[in-house]
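Chains as they are written, first to last, in the numbering used here: chain A, 2 to 804; chain B, 43 to 407. Even for Gly, the Cβ is constructed at its ideal location relative to N, Cα and C. Owing to the predicted nature of the structure, the values given are computational and were not obtained by experimental measurement. Notes for the one structure printed next.
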Amino acid sequence: MKFSLTWLKDHLETEASAEEISAALNGVGLEVEGIENPADKLGGFVVAKVLTAARHPNADKLQVLTVDTGSGDPLQVVCGAPNARAGMIGVLGLAGAVVPNGGFELKKSAIRGVESNGMMCSVAELGLGDDHDGIIELPGDAPVGMAFAEYHGADPVFDVAITPNRPDCMGVYGIARDLAAFGLGTLKPIAVQQVPGSFPCPLPIRTDDPQGCPAFYGRAIRGVKNGPSPQWLQDRLKSAGQRPISALVDITNYVMLAYGRPAHAYDLAQLSGAIFARRAVEGETVLALNGKEYTLTSEMTVIADDKGVHDIAGIMGGEHSGCSDATTDVLLEVAYFDPTRIGDTGRNLNLTSDARQRFERGVDPAFLDAGLALLTELIVEICGGEPSEIIRAGTPPAGIREVALEPALVERLGGVAIAEDEQVRILAALGFHSTRVEIGQGRKTWRVQVPTWRPDVDGGPDLVEEVVRIHGLDNIASTPLPRADGVVRPTATAEQLLERRVRRAAAALGLHEAITWSFISEREAEAVGALRQAQGERLWVLQNPISEDMKVMRPSLLPGLLSAVRRNMDRGASSVRLFELGRRYLADGEHPTLVLVLAGERSPRSWQGGKAQGFDAFDAKAACLELLRVAGAPVDNLQVMGEAGDTYHPGQSATLRLGPKVQLASFGMVHPSTLKAFDIGVPVAVAGIHLDAIPAKKASGFARSAYAPPALQAVTRDFAFLVDAALPAGDLVRTVKGADKANIVAVRLFDDFRGAGVPEGQKSLAVEVTLQPGEKSFDDVELKAIAERVTAAAAKLGGVLRG
Amino acid sequence: MDHAATREEALARIAAAQDLGTLEALRVEFLGKQGSISGLLKTLGAMSPEERQVAGPQIHSLRESVTEALATRKSGLETAALDAQLASEVIDLTLPAPETPRGTIHPVSQVMDELAEIFADMGFSVATGPEIEDDWHNFTALNIPESHPARAMHDTFYFPDKDAEGRAMLLRTHTSPVQIRAMLAQGAPIRIIAPGRVYRSDSDATHTPMFHQVEGLVIDRNITLGHLKWTLETFLKAFFEREDIVLRLRPSYFPFTEPSVEVDVGFALVNGKRVLGGSGDEPGHGWMELLGSGMVNRKVIAAGGLDPDEWQGFAFGVGVDRLAMLKYGMDDLRAFFDGDVRWLAHYGFSPLDVPTLSAGVGARA
Numbered sequence: 002m003k004f005s006l007t008w009l010k011d012h013l014e015t016e017a018s019a020e021e022i023s024a025a026l027n028g029v030g031l032e033v034e035g036i037e038n039p040a041d042k043l044g045g046f047v048v049a050k051v052l053t054a055a056r057h058p059n060a061d062k063l064q065v066l067t068v069d070t071g072s073g074d075p076l077q078v079v080c081g082a083p084n085a086r087a088g089m090i091g092v093l094g095l096a097g098a099v100v101p102n103g104g105f106e107l108k109k110s111a112i113r114g115v116e117s118n119g120m121m122c123s124v125a126e127l128g129l130g131d132d133h134d135g136i137i138e139l140p141g142d143a144p145v146g147m148a149f150a151e152y153h154g155a156d157p158v159f160d161v162a163i164t165p166n167r168p169d170c171m172g173v174y175g176i177a178r179d180l181a182a183f184g185l186g187t188l189k190p191i192a193v194q195q196v197p198g199s200f201p202c203p204l205p206i207r208t209d210d211p212q213g214c215p216a217f218y219g220r221a222i223r224g225v226k227n228g229p230s231p232q233w234l235q236d237r238l239k240s241a242g243q244r245p246i247s248a249l250v251d252i253t254n255y256v257m258l259a260y261g262r263p264a265h266a267y268d269l270a271q272l273s274g275a276i277f278a279r280r281a282v283e284g285e286t287v288l289a290l291n292g293k294e295y296t297l298t299s300e301m302t303v304i305a306d307d308k309g310v311h312d313i314a315g316i317m318g319g320e321h322s323g324c325s326d327a328t329t330d331v332l333l334e335v336a337y338f339d340p341t342r343i344g345d346t347g348r349n350l351n352l353t354s355d356a357r358q359r360f361e362r363g364v365d366p367a368f369l370d371a372g373l374a375l376l377t378e379l380i381v382e383i384c385g386g387e388p389s390e391i392i393r394a395g396t397p398p399a400g401i402r403e404v405a406l407e408p409a410l411v412e413r414l415g416g417v418a419i420a421e422d423e424q425v426r427i428l429a430a431l432g433f434h435s436t437r438v439e440i441g442q443g444r445k446t447w448r449v450q451v452p453t454w455r456p457d458v459d460g461g462p463d464l465v466e467e468v469v470r471i472h473g474l475d476n477i478a479s480t481p482l483p484r485a486d487g488v489v490r491p492t493a494t495a496e497q498l499l500e501r502r503v504r505r506a507a508a509a510l511g512l513h514e515a516i517t518w519s520f521i522s523e524r525e526a527e528a529v530g531a532l533r534q535a536q537g538e539r540l541w542v543l544q545n546p547i548s549e550d551m552k553v554m555r556p557s558l559l560p561g562l563l564s565a566v567r568r569n570m571d572r573g574a575s576s577v578r579l580f581e582l583g584r585r586y587l588a589d590g591e592h593p594t595l596v597l598v599l600a601g602e603r604s605p606r607s608w609q610g611g612k613a614q615g616f617d618a619f620d621a622k623a624a625c626l627e628l629l630r631v632a633g634a635p636v637d638n639l640q641v642m643g644e645a646g647d648t649y650h651p652g653q654s655a656t657l658r659l660g661p662k663v664q665l666a667s668f669g670m671v672h673p674s675t676l677k678a679f680d681i682g683v684p685v686a687v688a689g690i691h692l693d694a695i696p697a698k699k700a701s702g703f704a705r706s707a708y709a710p711p712a713l714q715a716v717t718r719d720f721a722f723l724v725d726a727a728l729p730a731g732d733l734v735r736t737v738k739g740a741d742k743a744n745i746v747a748v749r750l751f752d753d754f755r756g757a758g759v760p761e762g763q764k765s766l767a768v769e770v771t772l773q774p775g776e777k778s779f780d781d782v783e784l785k786a787i788a789e790r791v792t793a794a795a796a797k798l799g800g801v802l803r804g
Numbered sequence: 043m044d045h046a047a048t049r050e051e052a053l054a055r056i057a058a059a060q061d062l063g064t065l066e067a068l069r070v071e072f073l074g075k076q077g078s079i080s081g082l083l084k085t086l087g088a089m090s091p092e093e094r095q096v097a098g099p100q101i102h103s104l105r106e107s108v109t110e111a112l113a114t115r116k117s118g119l120e121t122a123a124l125d126a127q128l129a130s131e132v133i134d135l136t137l138p139a140p141e142t143p144r145g146t147i148h149p150v151s152q153v154m155d156e157l158a159e160i161f162a163d164m165g166f167s168v169a170t171g172p173e174i175e176d177d178w179h180n181f182t183a184l185n186i187p188e189s190h191p192a193r194a195m196h197d198t199f200y201f202p203d204k205d206a207e208g209r210a211m212l213l214r215t216h217t218s219p220v221q222i223r224a225m226l227a228q229g230a231p232i233r234i235i236a237p238g239r240v241y242r243s244d245s246d247a248t249h250t251p252m253f254h255q256v257e258g259l260v261i262d263r264n265i266t267l268g269h270l271k272w273t274l275e276t277f278l279k280a281f282f283e284r285e286d287i288v289l290r291l292r293p294s295y296f297p298f299t300e301p302s303v304e305v306d307v308g309f310a311l312v313n314g315k316r317v318l319g320g321s322g323d324e325p326g327h328g329w330m331e332l333l334g335s336g337m338v339n340r341k342v343i344a345a346g347g348l349d350p351d352e353w354q355g356f357a358f359g360v361g362v363d364r365l366a367m368l369k370y371g372m373d374d375l376r377a378f379f380d381g382d383v384r385w386l387a388h389y390g391f392s393p394l395d396v397p398t399l400s401a402g403v404g405a406r407a
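And the structure:
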């Protein structure tokens, strides 16, 4: 909402400066988004008198003027305006001044060989209007030498953001009322002059849609003369950012912007039969004033005559029945439309307008007659004409509500004590009338009548807000929240602790934490889950995505990270280590997940290592196990199993499970087809951890179990077995470990050899077995017995001890 | 018998020995079982006491000097050998060592940890809620009526799905539904913050369709706007680690609070960047909008299953990405969600930068 200081002063008696007004507006909750002062751009321009005017010796269309600037010697100025002549008073831009329209700086110069010390300016050049036919002519009493900014008068324009609960401030008058209540001046009452009609309204007016249009007031004015509106009116509209069109249109806009009361003026000659509000017929079309055609539905209210639609009710008039310069008779429409209906219609048509903004917030239902009177008065004054009698079809809602206010509520909610009479004063200044009432047992409270222009107020807290905002939020003292004794208690939940630990552990492993979009494209979702979808897994697909790339809630974090890998590779990265900790969105809910990707080089080529080394599945396995350990998962009990999914390389991927049904994680190399789908040219190792599948740790105290190092030192024995090449090494390790649980405490596989000396189809696996003696050291007999148990266990897997 | 010549010769040969093998051979030659000096010692047994009294010390002296010479020479040779070995083992330590990859924590996570730490000190715990919400929790319970513009398709991402109760499913547009969930789940009194991802159908230089918010909620018996003001001041001073943070409260409107307050914070322009601190009314300063807040609307408290005649409180919401940008100086929101390893290395945080109150929650550049 934009308005000039002059306009504000039409309604508010005040001496306050623009700065004071701006601070007050912010203080009462009318946020000032900017103040623009046209005078700020007029530095260097002075009121000047042309003393002499002579033909330019070298140019027919130029004159050489001598100009009195009120001080010093007259200046010589070359001027091309036809209306420049001796004796006139105009505006001179001195050297150094910046011309507002064009932004160029004036300099002393020679024009066709004649020195010029400035420029006599037109209205357009000063940015004060469109007139550029000649230089400005000021009245004869304009004081020569005065700064033009001062002469023109500073008229700053405020740009104020109005919150949706304040339809009353969608007019300058409402803003003036808030400022007056704040103590910035005195609100001038609206002078409504009822203009009696001298003949019956020539058209019947009615509302056939009392739901959408409960009230439709109107009258005709005949014999008007349309044309440009007067300067004062144009100035006000321009300050609001509106272009003046014609007196009749400008007057309806003015009443809307000044009082928040939209109205419409029809060219009576274009209407036939009756004019009335009704529901649109499904599919009916109307060409609106913005030149666009709209197709309407039966949920929308329109104003129509017997022939067709003339107005999308409360939103925009029709092209064909608007007022033009040829209009001689007008029909005024001042109606009340249902706010919800207006909002729905506007949204469905994707059409916004000043009228819609006001109607959908709720205009003052008690201001129809006043609005009609103001319009009539202005039209008769400016355009002449003779008004008809008024037809009032329907009844606007009463809009009268009463709210109880217990004065103590202001302090209880607002945290600031405000005397009862001051509360009542503030409310009265805003138009609320308070009456003291007994509520039994000697207790008293206030019954507050809410003004019709405040549809937002319906409870005690609303009144507290009114009182507190006018009293000033700055006057509220900061009050510390009560604090529990002692130091802070821990607040983080187990899930939050787990996420924090895992996140920092992943970064400590050398991975960068990324945050990628929660939504991915259908193509990407397919690339990582075609199989799952084929099995009927339902995805969350947005009904109104912002783009096709952001349509499906990710069922996996992998697509976002792979896309990030591609972008990094495209930027020339040779090694990308990323992880993300976020949610997967599945039909059964949102699952906290960590996914890490290792793409490109694990180590670059180097003087030590030679060629660059790429990441492999074991890098992913190592990181995955470390993060699971940090997360508190029982890593020693995890089984390496298959079925990691079709995004993985089928031969280089695995899952980590606690029993066949509980999958905690998967890791491996990404399937080449998946990489291709993401346009990635290097192998990528990946691991994913389902954080919500990790069993919660049992609650425990702080003390650790007692430390009891074994009395005797452990011994190690190496064994090498020939086994089938397809035997998973992990099976051998687990079997060997179980061969003698009393003595074997660890088994570490340290060699996997195929080739010379190993039969085709077999491999040699070597393990280091750690034996822990108890009370006494192992003797040879015992060691031999343990070795036999190890060998026998391996034999069950077809393992043959190598000699 | 004089051993001077023997001594001289032996010492000369020991001194001339060039390696440990030669030296060992000399030791055997002189002092071994069959050694020449050992042989001399053996002659003592056959001597008369008088002879022995003269010859004994001479032979022993000879043996001692040879033994000492052998030891000295051996140590000399060993030192020389070690020196030679070390000289051959010189490496160029200007060569690069293997690089340790350095990982980072995303600024959003870091700031969320900072928020958790600060608010924990004020007695707040961290609450979470689903991002795929129903329209009751996201709108209706928060007193946002059916016709409110925020519900329009152009602001909110909807799913075609309905939940079991027929509620339209959508992506939460703010973290405020966590208010409702927390009240319903834990009752009152309550002090929580709820950070998380939120979504709006908006995309330009300063808006992304996904961003992060943190919600704050305090419900108790005697909570006022004064507590809200103190909480926000205390939080912002702790977060920016500046005592000169100045807030300006402006009355505003949000459906879920009444009264509603927008909070501006004063800043100074330093080299074209906004640096928080000082009043926005000082010369060269300005105010910027940072937070929305207010006293929780009675209807919202009722929707949370609490009696609004008994319980009241405040709520606030602020952008986490915005806080991160203001504190750590990033200027492009879109870069937050790009996964550019160069950006992450530049703006990310060491995993060791765990925010603590004793160290200061912020990580200095």
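Counting only the Cα atoms, A:P229 lies some 8 Å from A:P245. For secondary structure counted as the alpha helix (DSSP H) over 4 or more consecutive residues, the stretch 632-717 of chain A holds these complete runs in sequence order: 673-678. For a cut-off of 8 Å, the C-beta gap from A:L579 to A:L595 is around 11 Å, too long to register as a contact.
Not one beta carbon of chain A lies nearer than 9 Å to the beta carbon of B:Q228. Rounded to the nearest whole angstrom, the C-alpha separation of A:T70 and A:K109 is 15 Å. Ranking A:A19, A:G45, A:A430 and A:P397 by CA distance to the CA of A:K189 puts A:A430 first. About 14 Å separates the CB atoms of A:L95 and A:C80; that is not less than 8 Å, and the two are not in contact. In the DSSP assignment, A:G583 falls outside any alpha helix (DSSP H) and lies within the beta strand (DSSP E) extending over S576 to L587.
Contact of B:N339 with chain A is assigned, a C-beta pair being separated by under 9 Å.
Membership of A:E412 in the alpha helix (DSSP H) is indicated by the continuous run A409 to G415. From the beta-carbon of A:R178, no residue of chain B is found nearer than 7 Å; the closest lies around 15 Å away.
Sequence-distant partners of A:G119 (beyond 5 residues in either direction) whose C-beta falls short of 7 Å from its own C-beta, in its chain, are L76, V78, L93, G94, L95, A96 and L107. Contact with chain B is absent for A:T594, since none of that chain's Cβ atoms lies less than 9 Å from the residue's Cβ. For A:H691, not one C-beta of chain B is nearer than 9 Å to its own C-beta. Shown here, B:R193 sits in a helix according to DSSP, grouped into three states. If one requires a minimum length of 4 residues, the alpha helix (DSSP H) runs lying completely within the stretch 133-212 of chain A are 149-153 and 173-183, in chain order. Annotation: Cβ neighbours of B:K271 in chain A (cutoff 9 Å, chain order): G416, L474, I477, A478, S479 and T480. The Cβ neighbour count for B:F358, taken over all protein chains shown within 10 Å, is at least 16; the residue is labelled buried.
Remark: C-beta atoms of B:P293 and A:G460 do not approach each other more closely than 9 Å.
Of all alpha-carbon atoms in A:R178, A:G775 and A:P729, the one lying nearest the alpha-carbon of A:L713 is that of A:G775. Chain B has no Cβ within less than 9 Å of the Cβ of A:F616. In this structure, the straight-line span from the alpha carbon of B:Q152 to that of B:P393 is close to 9 Å. Of the candidates A:L512, A:M147 and A:D268, A:L512 places its Cα closest to the Cα of B:G390. In terms of beta-carbon proximity, A:F159 stays away from the interface with chain B, with every pair separated by 9 Å or more.
Residue pairing of A:P556 in beta bridges, as defined by DSSP: absent, with no partner found. With a threshold of 9 Å between beta carbons, A:I681 makes no contact with chain B.
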